[in-house]
Structure formats: structure tokens, C-alpha cells
Amino acid sequence: MSEYMQWLYSIILTIVTSLFGEHWILFLLYLLLNIIDTLTGWAKARINNQESSSVALIGIIRKMGYWIMILIAFLIPVGFQELGKIISIDLSVTIFLGWFVLASLIINECRSILENLVDAGCKVPQILIKGLETASKNIESIGEENE
């Protein structure tokens, strides 16, 4: 790798890490899953002769909404932690809110990709579908326990 590419890679990695923290790879994973879901959704629609620009636009708007949801899920704990300091209550456990939301959305994207593949005629192993279903139920049950 050239010196310029190493320098560029370092700058990009520094910016991404400062924006998303040390677990930036999870946010990148979610972004990649968004892209793959969009592409497999388009392929499914094309194969089934159901292409629609308005449906695609709604899907893209929905994905932007999910990113806003992630932002809110990580901002709320920051506010609660600050309020907890003011009223002398430890509210640091609320930081898990963002991670549970991100985990749920990653699982949902994976499930959506698999659904697109099935609808496009691909044979998807049931173990993969059932595994994601189990992971989704586990995340949901943890959320319900903490209500």
C-alpha cells in the first residue's frame, strides 16, 4: 500500500472511530446490511416484475428513519446519565438502550435480506432463518425483562 493510501486510511479510520467510537465496525456492518438489503430487494422486485420507484423510495426513507432511531437510542442515555448526575442517581445502565436497538436492527436487516433471497428464488438454509429468529426473540425478551 502506498504511503498516500496508508495516510488516507488512517484519516478515515480516525474520523470514523471518533464519530462512532471503538465499536464503529458494528455501524459499518449495519450500513453494509442496509445496502445489501436494498440491492436484494431491488433484485427480488425485478425478478418478480414488481419494480416500483415509489416503493424503493419508501424503503430508503424507512432506512434513514432507522438511522435516526439509532441516533436517538444512543443520545437518550447521554441525557439520562447527565440527569442522573444532577439528581444523584446512577443511570449509566441506559447506555445499553442504543446497543439493543442496533442489535435488533442488524438482525432485522439480516432477516429482510434472507426474505428477499427466498422471494427471488434462492434456497436459504432453514438453520440460518431459525437462528436469526431465535436471536431476535432473545433480544426482544431482554428488552421486555427490563421494562
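If you're matching positions, the sequence shown starts at 414 in the working numbering and goes up one per residue.
The beta carbon of each residue, even a glycine, is placed where N, CA and C say it ideally should be.
Residue burial classification, residue i (beta-carbon count within 10 angstroms, cutoff 16)
i	result
Glu522	buried
Pro490	buried
Asn447	buried
Lys543	exposed
Ser505	exposed
Val514	buried
Ile481	exposed
Boundaries of the alpha helix (DSSP H) in which residue i is found, first to last residue
i	result
Ala516	Phe509 to Asp532
Ser415	Taken as a continuous stretch (DSSP letters only), Ser415 belongs to no alpha helix (DSSP H), as it is neither H nor E.
Leu496	Ser466 to Ile500
Asp450	Trp437 to Ile460
Backbone CA spacing between residue i and residue j [nearest angstrom]
i	j	result
Ile502	Glu464	53 Å
Ser378	Ser415	Lying before the first or after the last residue shown, residue 378 is absent from the chain, which here runs from 414 to 560.
Glu435	Ala469	33 Å
Lys550	Arg459	32 Å
Asn461	Trp455	10 Å
Beta carbon proximity, residue i to chain C, threshold 7 Å
i	result
Ser415	Absent from the structure is chain C; it holds one protein chain and no more.
heavy atom of the ligand FMN below 6 Å from residue i C-beta
i	result
Ser525	The model on display carries no ligand, and the ligand FMN is accordingly not part of it.
### Task
Take every Cβ of the segment 491–499, pair it with every Cβ of the segment 532–541, and state whether three or more of those distances are shorter than 8 Å.
no
Does the segment 468–487 come into contact with the segment 439–454, if we say contact requires no fewer than three beta-carbon pairs (one atom in each stretch) closer than 8 Å? yes
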